[in-house]
Structure formats: C-alpha cells, structure tokens
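Trainee: For what it's worth, our numbering labels the leading residue of the sequence shown as 5, then goes sequentially.
Just so it is clear, CB atoms sit at the ideal spot from N, CA and C, and this is done for glycine as well.
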Amino acid sequence: RMSIVDIEIPNKNASPIVLPPLMHNKILDFISAVKYQNKLIGYGIETSNTLLLYGMPGGGKTTLARYISQQTGLPLVIARFDAIVSSLLGNTAKNLRRIFDFASRQPCVLFLDEFDAIAKARDDQHELGELKRVVNSLLQNMDAYCQCGILVAATNHQELLDDAIWRRFQTIIEVPKPEESEIEKLLQRIINVMDMQNV
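(1) Any heavy atom of the ligand ATP closer than 6 Å to the Cβ of ILE45?
(2) My output table needs one value for ASP120: the three-state DSSP class, helix, strand or coil.
(3) Could you name the residues of the same chain whose beta carbon sits closer than 6 Å to that of PHE104, not counting the 5 residues immediately before and after it, in chain order?
(4) Near ALA157, which residues of its chain fall below 6 Å by C-beta distance, leaving aside the five closest residues on each side in sequence?
(5) Can you tell me whether ASP167 is buried or exposed, with buried defined as 16 or more other CB within 10 angstroms of its CB?
(6) Where do the ends of the beta strand (DSSP E) carrying TYR58 lie?
(7) Pull the bridge partners of ALA158 from the DSSP assignment, please.
(8) Counting only the same chain and skipping the five closest in sequence on each side, list residues whose C-beta sits under 7 Å from that of SER108.
(9) For the putative contact between ALA37 and THR54, defined by C-beta atoms under 8 Å, what is the C-beta separation to the nearest angstrom?
(10) Mapping the DSSP letters down to three states, classify GLU134 as helix, strand or coil.
(11) Is it true that the CB of ILE169 sits closer than 7 Å to the CB of ALA121?
(12) Please confirm whether ILE11 and VAL81 have their CB atoms less than 7 Å apart.
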C-alpha cells in the first residue's frame, strides 16, 4: 500500500448497476477483452486494456471502475491526485512513475480519476512547462504499462485532454447522467435484493 493510492478489493456482494444497453455492451466488450487478452495476443490480435470514461459529474464513472474490478476479480488501485500533484518541480512525474510501477507488480485495475489534472493539452498557453513534462511522463508510463496492464481513466472535462492522450485509449465511453427510468430500475433491483436477504 502507498500513500498516493487507495486499494479496493472487489466486493462480490456489491449493489447491482443499471446501464443503457449500448453502454452496457461496450463495458462487457471491454471486460471480455481484458479476460481474454492472452488468447487475443496468441491469435496475433493487438489489444490494449485501456478505457476512458468521460461525462458530467454524478454519471457513475467511479461505479463503473468498481464494476470492472468486480467482474474481473482484480483489485482496484485508485490513484489519489491530491497526493500525486506536487508544486515541487519534477515531483508529479515521479509520483506518476511510482503509481505505474506499483500497478505493474501485480494484476489489478489501475483507476485514474480526475484524469484531466495530469493530461491537459500541452498547447495550453496558460500552463507552465511543468505540465508538458507531466503529460510526456504520463504518455511514456501508459505506453509501457498498457502493454499488459489494465487502465481505466475518468474525467469530467474531456475537452481539456491532450490529443495524444485520446489516441492511447482503445475504448472511449461517454457516461451521461442516468435517466429516471434507469434510476427506477436500479431502486427496484436494490429493493429486490433486500427482500431476498430478509427472507
């Protein structure tokens, strides 16, 4: 365990989730690609277990990361950006490297929330040169880690991301706020689970 990450063990009894059919299928396709990566590579199919989730706050991006952890049976390693981003020159890039090194030592799902904090466009005139170094470091670490590791990133500000960042993700999914019908389905499922537990 490191101070710059939190680790969550998959919860087999987690509450069910409700997703629009198209999004659900995309998530299931990503999970299948993760589970069968070795077979795909054996068939000569290059694959990258990288998923970018974007959309307004409250859409369930973190819940989806936990769902992927649950379905793959792998721990979720959550990067803590309050501890990663440093005002000291060069420390943010070093912290990123520590996280990727840690995640590469064991099978896990690495989750980078608030991704725009370290992946902003390098042509932003309001940012200092330090940001460019951080983004360059991020790209290098992603290229090395994502050959075999699983990376899920989430952002509420996709318009801020560097163009090169977008190209690193094999799967990109917009996560809108749930509709009323989806909320009703979720509540009904939770009620059904509670009723079964009380029997």
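Mentor: This is what the structure gives:
(1) In the structure on display, the ligand ATP does not appear, and there are no ligands present to speak of.
(2) Numbered from its first residue, the sequence shown carries residue 120 at position 116. Helix.
(3) In the sequence shown, counting from the first residue as 1, residue 104 sits at position 100. So the qualifying residues of the chain are ASN145, TYR149.
(4) Within the sequence shown, residue 157 is the residue found at index 153, counting from 1. Taken in chain order, the residues that qualify are LEU56, LEU116, PHE119.
(5) Start at 1 with the first residue of the sequence shown, and residue 167 comes out as number 163. Exposed, by the Cβ-count rule.
(6) Locating residue 58 in the sequence shown gives position 54, counting from the first residue. Per DSSP, TYR58 belongs to the beta strand (DSSP E) from 54–58.
(7) Translated into positions along the sequence shown, residue 158 becomes position 154. Answer by DSSP bridge pairing, in chain order: LEU57.
(8) Against the sequence shown, residue 108 aligns to sequence position 104. Excluding sequence neighbours, SER108 sits near TYR149, GLY153.
(9) Position 33 of the sequence shown holds residue 37. Position 50 of the sequence shown holds residue 54. Contact flag wrong, Cβ pair sits at about 10 Å.
(10) Counting from 1 along the sequence shown, the entry for residue 134 is found at position 130. Three-state DSSP puts GLU134 in a helix.
(11) Position 117 of the sequence shown, counting from 1, holds the residue named residue 121. Position 165 of the sequence shown, counting from 1, holds the residue named residue 169. No, they are not a contact pair.
(12) Taking the first residue of the sequence shown as position 1, residue 11 is located at position 7. Taking the first residue of the sequence shown as position 1, residue 81 is located at position 77. Yes, they are a contact pair.
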